[in-house]
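Just so we're on the same page, the numbering used here is the position in the sequence shown counted from 1, plus 24. Below: one structure, written as C-alpha cells.
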Amino acid sequence: MASQKAAWGIEVGQFALKAMRLVVQGDGVAVTDFTVIPHQRVLTDSAVEDQSGMVRVTLATFVQQYAERLGADPIVMSLPGNAGFARFTTLPGVDPKSIKRMVEYEAKQQIPFPMEDVEWDSHVLPADDTGQCGIGIFAATKDRLRELLLLYSECGIEPDALTLSPIAVFNAVTYDMSLTTESKAITCIDIGTASSDFVVMDRGRCWIRTFPVGGSHFTSAIADTFTKQGVNYAKAEKIKLDRTPREELLRARTTAMRGVTAQLVDEIGRSREFYQDANEGVEIHSAFGVGSTLKISGLRTKIAGDLKLDLKRLEEFKRLELDGPDPVDFAAHSINLLPAYGLALQGLGLARVQINLAPIARVRDKVWKAKAPWFAATAAILCLCALMMFLRVFIAQWQVEAIAEGAAEADVVVDEARALVGELEKAQRVADDFVTSNITSLLDDRKVWPHLVNDAYSALAAAKPKADELSGDAAKIMAIPAKERNLVQLQSFSGKPKFDAATNKRQIEVSVRVLLTKSEPDRHINADDGVLGWLRRNKDRPEVPYIIEEETLVVPNWTRITAGKREEPTAPTQGNSNSSSGGAPSTVGSGAGQGASFGGAGFKGRKEHTGTVAGPGSGGTLGGAGGESNDAVPGGPDTGTDDATSTGGRRKRQRTQVAGADEKLPVLDLAKDAPLPVPPSLIGKDDTQFEGTLTFTVTLRNPPGTETGTEATGDTSNGESN
C-alpha cells in the first residue's frame, strides 16, 4: 500500500510555535499531529534579551518530539505579515505570454527595495467583471530570510517553502469554507502578538493589510497601569486573559486597555473602508476572528458594536478530519491553528495562492541533496563502465602488441581506475559516515527516559489504591483511615547514568522517593503483587530498551513522619520476600538534584520539601507529579467562561461600572483581592506517614550499530523529574 501524502505547516510566532501535520484522505485532508508549544517567555517582553536563543529552545523541543516525521515530509513555514511586503494591482487583459514580463515590471515599481536585496514571488488572481487580472506581489528582504533560515537550520529544520502568514490564513479559510469565484466578500481578522492581519476573501481574490497593533500592546498597557502594584509583563499577560476578574480589577483593566482597543477598532475600520472604496459595490458585513487576544473578555463585542460587524471567533474547521489527536485538545487550540492549517495545505498542493519566498539557491541545494544517492550510484556505474572499457582496450592491445608495451598501458589504466574508485569510496564514506552517523546519533536513547517514567508509575499503580483515594475528593480520602490507604505517592524520580568499564555495560541508577501511610510499609511495598513485585515480574521485556537488575531491588529505609515531625530513618522490618532479589543493603535515595538526561536534554524538577510535610495534595500521585497552586493574579484562575465564580459556587456577575472622566480608581491590593488558595490537609494530627527511596539499577540494551562505552553513553548531567 502506497504511503499517504503528508505535509507540515509550522508557524513560529512571538508567543508560541504552532504546527500541524496534514495527510490526504480520499477527497479531503486529516490532521495526524498538531502541537502548540509556548515560548518560555513572550518574545515581546522587554525582559527577554536573547529572542533567538528562546526560539532555539522551542524549536529543539518540537524537533525532538517529531524528528522522525519531519525528515520525510515537506515543510512549509510562515513569515509574520509585518516581516514581509504585499501589494495588489490589476493588469489589463493581455496575452498570457506577456504576463510574466508585465509582472516583473510591476514588481520593480511596487517593491520599495532594490531588487537584488529581496526575494519575491507573485500570484495571478482571477479576472474581475471587466476582464482585468489581479496580481499579488509579495517580497521579503534577503537579510531577514537568511537570519530565519540559519536559525531553523541550526535546529534541524529545512523548510521547503516560506510564505506570509496572512496568505496562509487566506488559503485555510478559502479551502475550509469551500469559497469559489462566486462567493461574497468575507474577512478574517488575525490578531497576533505584535501585529494584526486584515485578510479579505472576495470572489476568489485575495487582499491583505497588516497593521502594528496586537496582543502585546494590551499587555504593555496593563503593565504600565499596574506598575505601582509591582505587576510586570508576565503578570499583566495573566490579568489580560483573566475571564472572571473582580469588579475593581475589571474596571482598572478596561480603563488600561481603552486606548489600545480604540486603536485596534480604528485600524480594522480603516482597512474595511479602504477595500470597499477600491472595489465599488463590495460591502463587508461579516468577519471571522482568530488569535488568543480575542479571548479578552468584551473585546469581540466592542469591535462588533463599534464597526457594526458580525464578528465570530473561528473555533471549528468544517473540512478537517482528526486522525489521532484528541478532539477536545484540538478544539481548545484551534483558534490559534488557522495559519498552520493554510501552510500545510500549501505543502499538499491544495492552497489557492501558492507563493514561496525561500531563496532559490537554498531550494536548489535541498533538491540536489535529495538526489545525491542517485548521483553516487550513477558515478559508480560510470566508473565501472570506464574500468571495463579500459580493460577491454588493454586486452586487445596485449594480444597484438608486445608484452612490455601492453603491461605498461595496463598499469596506467589500472591506476586511473583505482584513483576513480578511491575518490568514489572517499565521497561515499564522507556522505555515509559523517552525515548518517551524526544525524542518527541524535536519536540514540531517546526512548529510555519515557520508559523509565512509565515503569515507575506502573509499579506504583500495582499497590492497588482504592478508587476513593484517586478521586480528589478530600472527604472521601479522609474517610479512609490513614493506616488502610494503599496509595503510594511519587515524591521525586531521578536517574544517574554510569558506565561499567569492567563489564562494558551502560547503566542507570534509578531513585524513586515515595510517601505512604500504610501501617506496614515494608510488606506493602515488597508484596509479590506490590511495587517491587511488579518490577521483578517485568524486569526483562523485549520492547523496553533496558533490563532491570533484580538483585538491586531492595526495601528502602523509612523515615517516619508524625504530626509533621521527622524521625530518624529505620531499617526495613521485613526482608525481601523474593530470594532472587539479592542481599544488597537498603540505601536512602539521592533526593533532589539527581536525574538522567537523554538525547542532550536534561530533566530537572522542583526542590525537595523541607520542614513539615503536607498531605497527599502536596506530593505526586499515580496520575502525575502532584498538585500545584495556580500562579494566580487578582481575580482568580481563568475558568474560560463569562460568569464570575466564588468559593461556594457560581454567581451572576454584576454589571460593569466604568469610571467617569474625573473619578479616581481605587488602589488595588492584589494580595488581598486575589489570595492564593490553600490546599486541604489529608493527614490527621496523629496519623503517621512513611517516606523512603526505592533504588534499583537498569542496564541499557545497545541499539543496533551503536558501540558501547562512554562515547555512546555521553556525558549526561544529573536532573530530577517530579
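For glycine and all other residues, C-beta sits at the position ideal for the given N, C-alpha and C.
Pair within 8 angstroms by beta-carbon distance, Ala486 and Gln370
no
Could you compute how far the alpha carbon of Asp51 sits from the alpha carbon of Thr198?
16 angstroms
Give the C-beta separation of Asp748 and Leu335 to the nearest angstrom, bearing in mind that I take them to be a contact with Cβ-Cβ under 8 angstroms.
Residue 748 cannot be examined here, being either before or after the span of the chain that is shown, 25 to 746.
Under a three-way DSSP split, which group does Asp479 fall into?
helix
Which of the three DSSP states is assigned to Ala328 in this structure?
helix
Spatial distance of Ala695 from Met281 (CA atoms):
22 angstroms
Coil, strand or helix - Ser604 by DSSP
Interpretation of Ser604 is limited by its pLDDT of 36, a score under 50 that renders its predicted location unreliable; the figure taken from the coordinates is listed afterwards. Here Ser604 sits in helix by DSSP.
From the DSSP secondary-structure annotation, give me the bridge partner or partners of Lys2.
No information on residue 2 is available, as it lies outside the stretch 25 to 746 that the chain covers here.
Tyr129: buried (16+ other C-beta within 10 angstroms of its C-beta) or exposed?
exposed
DSSP beta-bridge partners for Lys589?
Thr586
Please determine whether the Cβ atom of Ile320 lies at a distance below 7 angstroms from any heavy atom of the ligand COA.
This structure lacks the ligand COA; in fact it carries no ligand of any kind.
Met101, DSSP secondary structure in three states
strand
Count the other CB atoms, across all protein chains shown, that sit within 10 Å of the CB of Leu41; report buried if there are 16 or more and exposed otherwise.
buried
Helix, strand or coil for Lys336, going by three-state DSSP, please let me know.
strand
Give the straight-line distance between the Cα atoms of Ile61 and Ala30, rounded to the nearest whole angstrom.
21 angstroms
The beta strand (DSSP E) that contains Leu41, what's its start and end?
40-49
Same chain, Cβ closer than 7 angstroms to Gly607, neighbours up to 5 away in sequence not counted
With a pLDDT of 37 at Gly607, under the threshold of 50, the modelled position of this residue cannot be trusted, and the question is left open.
Per the DSSP calculation, Glu130 is bridged to which residue(s)?
Answer by DSSP bridge pairing: none, since Glu130 is not bridged.
My output table needs one value for Cys179: the three-state DSSP class, helix, strand or coil.
coil
I need the straight-line Cα distance from Pro640 to Leu706, nearest angstrom please.
Low confidence applies to Pro640: its pLDDT is 38, below 50, so where it sits in the model is not reliable enough to give any reading.
Alpha helix (DSSP H) runs wholly inside the segment 178-242, at least 4 long, in chain order
189-200
Short of 7 angstroms in beta carbon distance, which residues of its chain neighbour Gly738, apart from the five on each side in sequence? Order them along the chain.
Low confidence applies here, because Gly738 scores a pLDDT of 39, under 50, leaving its location unreliable; read the following figure in that light. Contacts found: none.
Distance CB(Ala218)-CB(Thr68) smaller than 8 angstroms
yes
Under DSSP, the alpha helix (DSSP H) around Gln88 begins and ends at which residues?
75-94
Could you compute how far the alpha carbon of Arg530 sits from the alpha carbon of Asn581?
27 angstroms
Under the rule that 16 or more other beta-carbon atoms within 10 Å means buried, what is Gly673, buried or exposed?
Per-residue confidence for Gly673 stands at a pLDDT of 43, beneath the threshold of 50, marking its modelled position as unreliable; no derived number is given.
Thinking just about the alpha-carbon of each residue, which of Lys262, Ile379, Arg376, Thr712 is nearest to the one in Leu539?
Thr712
Inspect the CB distances between the segment 94-112 and the segment 141-160 and report whether three or more fall short of 8 angstroms.
yes
So, with DSSP's three-state summary, where would you put Asp145?
strand
Determine the contact status of Thr541 and Lys490, defining contact as a CB-CB distance below 8 angstroms.
no
Following the continuous beta strand (DSSP E) through Asp468, name the residue where it begins and the one where it ends.
From DSSP, Asp468 is part of no beta strand (DSSP E); its letter is neither H nor E.
Cβ-Cβ separation, Leu362 to Ala526 (assumed contact under 8 angstroms), whole Å
Contact doesn't hold; Cβ gap of about 59 angstroms is too wide.
Sequence-distant residues of its chain with Cβ nearer than 7 angstroms to Thr204 (five each side left out)
Gly228
State the CB to CB distance for the pair Asp226 and Gly105, rounded to an integer number of angstroms; the pair is presumed to be in contact (CB under 8 angstroms).
Not confirmed; about 18 angstroms, so no contact.
Proximity winner among Thr187, Leu175, Pro521, relative to Leu476 (alpha-carbon distances):
Pro521
If contacts are defined as beta-carbon pairs under 8 angstroms, then Pro747 and Ile99 qualify, I think. What distance do you get, rounded to the angstrom?
Summary: the structure shown does not reach residue 747, with the chain confined to residues 25 through 746, and so no result is reported for it.
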